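Novice:
Residue numbers (this note's numbering): 4 to 277.
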């Protein structure tokens, strides 16, 4: 699958002391397919359970370690909407596995639109499928000088199947820069915008990809890929740092809005899942 890349808002040489514009573009063309393959094992689909055999995709999430426990990090509104289905909520558990039906409660921050569900021990994924806590960047300092990457499951590429067989979804890996101008008026200090202008999209093979409606990407993790501060020759996917969670699409401004990981709270409200 090709990886959509936005060429809009690429940094100038003055904005990046480490790389020229041409060097950055060449690096991105190399790095994004690697990031797409690397990050896929950490992402999941958040599913509303319609009945005993069917589910519906509502958003995306990240398997991660939070407060020393295995967890799913996603957007609060995704959890809230999925829970309105008659039979509750489920989380995908990887290729070839049945979705995991959620029980108990989910920790939420409705202001920041974030949610964390701490997984029981029987969730069928190895520890290697969880993003490590030490690779979460709670600072916004390098967002504007690094390339941003997100990976999730858009609604256009996800459809209902028999629940025991899983909800089928085609992921969208996407790379762009932080938008610094012409931002939505409602953008909070702990949010940032990621460029998503169809006019500037290209694929990793330099062709114009089919535009993908970003609805369903809410809850997707956003990384800065880690080139800022190091040589591209030394870069590897494991240098990437989690910097946010996608929460909404602003079509008028053509940006995706993310809540920064600096907003991850130490205390949460609790929303019952039963």
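For glycine and all other residues, C-beta sits at the position ideal for the given N, C-alpha and C.
Keep in mind it's a predicted model, so treat the numbers as computed, not measured.
1. Give a yes or no on whether the C-beta atoms belonging to residue 81 and residue 222 are separated by under 9 Å.
2. Could you spell out the range, first to last residue, of the alpha helix (DSSP H) harbouring residue 83?
3. Under a three-way DSSP split, which group does residue 138 fall into?
4. Hey, how far is the Cα of residue 95 from the Cα of residue 48?
5. Buried or exposed: where does residue 263 fall if 16 or more other Cβ atoms within 10 Å of its Cβ makes it buried?
6. Using CA atoms only, rank isn't needed, just tell me which of 196, 109, 90 and 176 is closest to residue 184.
7. Taking only the alpha-carbon atoms, compute the straight-line gap between residue 63 and residue 220 and give it to the nearest angstrom.
8. Rounded to a whole number of angstroms, what is the C-alpha to C-alpha distance between residue 152 and residue 105?
9. For the beta strand (DSSP E) that contains residue 89, what are its first and last residues?
10. With DSSP as the reference, label residue 218 as helix, strand or coil.
11. Write down the C-beta distance between residue 186 and residue 237 rounded to the nearest angstrom, noting that I regard them as a contact closer than 8 Å.
12. In whole angstroms, what is the alpha-carbon distance linking residue 247 and residue 155?
13. Name the one or two DSSP bridge partners that residue 176 has.
14. May I ask which residues mark the beginning and end of the beta strand (DSSP E) holding residue 56?
15. Between residue 137 and residue 67, what straight-line distance do the alpha-carbon atoms span, to the nearest angstrom?
16. Where residue 92 and residue 218 are concerned, what is the direct C-alpha to C-alpha distance, given to the nearest angstrom?
17. Is the beta carbon of residue 224 sitting closer than 9 Å to the one on residue 46?
18. Whole angstroms are fine: how far does the CA of residue 150 sit from the CA of residue 58?
19. Could you tell me which residues DSSP pairs with residue 117 in its beta bridges?
20. From the DSSP output, which residues share a beta bridge with residue 272?
21. How many Å lie between residue 109 and residue 145 at the Cα?
22. When you compare each of 229, 32, 35 and 174 to residue 216 by their alpha carbons, which one comes out closest?
Specialist: According to the structure data:
1. Pairing residue 81 with residue 222 gives a Cβ-Cβ distance under 9 Å.
2. Its alpha helix (DSSP H) spans residues 79–85.
3. Looking at residue 138 - three-state DSSP - the assignment turns out to be helix.
4. A straight line joining the alpha-carbon of residue 95 with that of residue 48 spans about 5 Å.
5. Buried, since its Cβ has 16 or more Cβ neighbours within 10 Å.
6. Of the candidates 196, 109, 90 and 176, the one whose C-alpha sits nearest the C-alpha of residue 184 is 196.
7. For residue 63 and residue 220, the distance between alpha carbons rounds to 6 Å.
8. Rounded to whole angstroms, residue 152 and residue 105 show a C-alpha spacing of 28 Å.
9. Careful: residue 89 lies outside any beta strand (DSSP E) and carries neither H nor E.
10. When DSSP states are grouped into helix, strand and coil, residue 218 belongs to the coil group.
11. Contact between residue 186 and residue 237 does not hold, since the beta-carbon distance rounds to 33 Å and is not under 8 Å.
12. Between residue 247 and residue 155, the C-alpha separation is close to 13 Å.
13. Its beta-bridge partners are 154.
14. It is not in any beta strand (DSSP E) - residue 56 carries neither H nor E in the DSSP assignment.
15. Spanning the two alpha carbons is a distance of roughly 11 Å.
16. Cα atoms of residue 92 and residue 218: separation of roughly 19 Å, rounded to the nearest angstrom.
17. Taking 9 Å as the Cβ cut-off, residue 224 and residue 46 qualify as a contacting pair.
18. Whole-angstrom Cα-Cα distance: 34 Å.
19. In the DSSP assignment, residue 117 is bridged to 112.
20. According to DSSP, residue 272 bridges with 111.
21. Rounded to whole angstroms, residue 109 to residue 145 spans 31 Å at the Cα level.
22. Minimum Cα distance to residue 216 is reached at 174.
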